[in-house]
Amino acid sequence: VSDDEIITPKKYSQISRDTAIDINMTDAQVEDAFFHLSTHQQVECKTRLRIGRKGDGGWDACNDEPFKLRKPCLVYSIGINNDWSFDDAVVQLAGCEVHAFDPTMNTTDHKRGESIYFHNIGVGAEDTVNDLGWKMRRVSTIMKDLGHDENRIIDFFKMDIEYSEWNVFPGMIEDGILGKIKQLVFEYHTHMRKHTGDTIASSHNKEPTKQQYLAMWKTLEQLEKAGLRRFFHNTNWGGKYKSKYTKKKRSPYHEVYYLNVNYLNIP
13 VSDDEIITPK KYSQISRDTA IDINMTDAQV EDAFFHLSTH QQVECKTRLR IGRKGDGGWD
73 ACNDEPFKLR KPCLVYSIGI NNDWSFDDAV VQLAGCEVHA FDPTMNTTDH KRGESIYFHN
133 IGVGAEDTVN DLGWKMRRVS TIMKDLGHDE NRIIDFFKMD IEYSEWNVFP GMIEDGILGK
193 IKQLVFEYHT HMRKHTGDTI ASSHNKEPTK QQYLAMWKTL EQLEKAGLRR FFHNTNWGGK
253 YKSKYTKKKR SPYHEVYYLN VNYLNIP
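So in this note's numbering, spot 209 of the sequence shown is number 221, and the numbers just go up one at a time.
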């Protein structure tokens, strides 16, 4: 790999303590700090590649070495909602093996094409069946059940699960899963969304409290401690609102894109 293909971490790849979120800040200061710290770029990716739709449903991947997707790449696609544009495209583009998970689609396990395996399973904090009858599994359990042992790397891990990401990440951190992921992309949600059978009820007027912002930030800090750094961010303005704390226009939906710098030969 030539020097110009290597991803170069920027000087601000480590967040300094004086810009961290503190409980003694005001509500407005905490909100401002959270949205700044959770969205700013930390590492450079010279070549981003859009996979799937240009709008909602498609995702960006870093196409620089050593992260470029190529066969026999492994992709976990969590949260499908009957939109296969990303999954189909990543198979066509790179020949990846894709495992797709979504318990909300009222369909059974099946194979889609040659390389996409759909699992009627939700990713959760525990191995259980929830009150909606959905089979939920920790990521570590899923990897074990699929035969993706401790030496198997997930080249691209995509997740969009309507606020449940905050329940899933602690288990992934505890089980050491983050170190097995080269690219992690997900949409984080700052407002609680509650599944009610076939629909999702969303209350955009219930903004996070200071304590909730702090809890979300602590989770994102754990991603960084595992070696993950943001190379891109995109705001989804579908649920925009005016903050009661800062009076700024905000969105509760943010796509964030991470690279695992442990796969780079850097200090």
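No residue lacks a Cβ here, since even glycine has one placed at the ideal position from N, Cα and C.
Exercise for review: Express the C-alpha separation of residue 138 and residue 109 in angstroms, rounding to a whole number.
Suggested key: 25 angstroms
Point to revise | Nearest candidate by alpha-carbon position, reference residue 253, set 230, 274 and 203 | key: 203
Review point. Quick one: is residue 163 buried, meaning 16 or more other Cβ sit within 10 Å of its Cβ, or exposed?
Key: exposed
Check your understanding: Is it a yes or a no for the segment 225 to 235 touching the segment 59 to 74, going by three-plus beta-carbon pairs under 8 angstroms?
Key -> no
Check your understanding: How about residue 251 and residue 180: are their beta carbons less than 8 angstroms apart?
Key -> no
Check your understanding: So the beta strand (DSSP E) residue 86 belongs to, where does it begin and stop?
Key -> 86 to 90
Exercise for review: Evaluate contact between the segment 182 to 190 and the segment 99 to 107, counting only Cβ atoms and requiring at least three cross-stretch pairs below 8 angstroms.
Suggested key: no
Point to revise | Range of the contiguous beta strand (DSSP E) that encloses residue 111 | key: 109 to 113
Review point. How many angstroms separate the CA atom of residue 270 from the CA atom of residue 190?
Key: 11 angstroms
Review point. Would residue 127 pass as a contact of residue 107 if the rule is Cβ separation under 8 angstroms?
Key: yes
**Study point:** Stretch pair the segment 113 to 124 + the segment 87 to 98: three plus CB contacts closer than 8 angstroms
**Key:** yes
Point to revise | residue 267, enclosing beta strand (DSSP E) - first and last residue | key: 265 to 272
Review point. Would you report the Cα separation of residue 177 and residue 221, rounded to the nearest angstrom?
Key: 18 angstroms
Check your understanding: Helix, strand or coil: how does DSSP classify residue 75 here?
Key -> coil
Review point. In angstroms, rounded to a whole number, what distance separates the CA positions of residue 41 and residue 272?
Key: 29 angstroms
Point to revise | In chain order, each alpha helix (DSSP H) run of at least 4 residues that lies wholly inside the segment 136 to 169 | key: 151 to 157
Review point. Quick one: Cα of residue 131 to Cα of residue 148, how far?
Key: 11 angstroms
Exercise for review: Please state whether DSSP places residue 43 in a helix, a strand or coil.
Suggested key: helix
Exercise for review: Thinking residue 247 and residue 43 are a contact (beta carbons under 8 angstroms), I'd like their distance in whole angstroms, please.
Suggested key: With 8 angstroms as the limit, residue 247 and residue 43 do not qualify as a contact, their Cβ atoms being about 15 angstroms apart.
**Study point:** C-alpha gap between residue 38 and residue 223, whole angstroms
**Key:** 11 angstroms
Review point. Using the C-alpha atoms, what's the distance from residue 196 back to residue 87?
Key: 10 angstroms
Practice item. Would you mind giving the Cβ-Cβ distance between residue 243 and residue 56, rounded to the nearest angstrom? I have them listed as a contact below 8 angstroms. Key: 7 angstroms
Review point. When the Cα atoms are used, what is the spatial distance from residue 268 to residue 192?
Key: 18 angstroms
Review point. Mapping DSSP to helix, strand and coil, what is residue 179?
Key: helix
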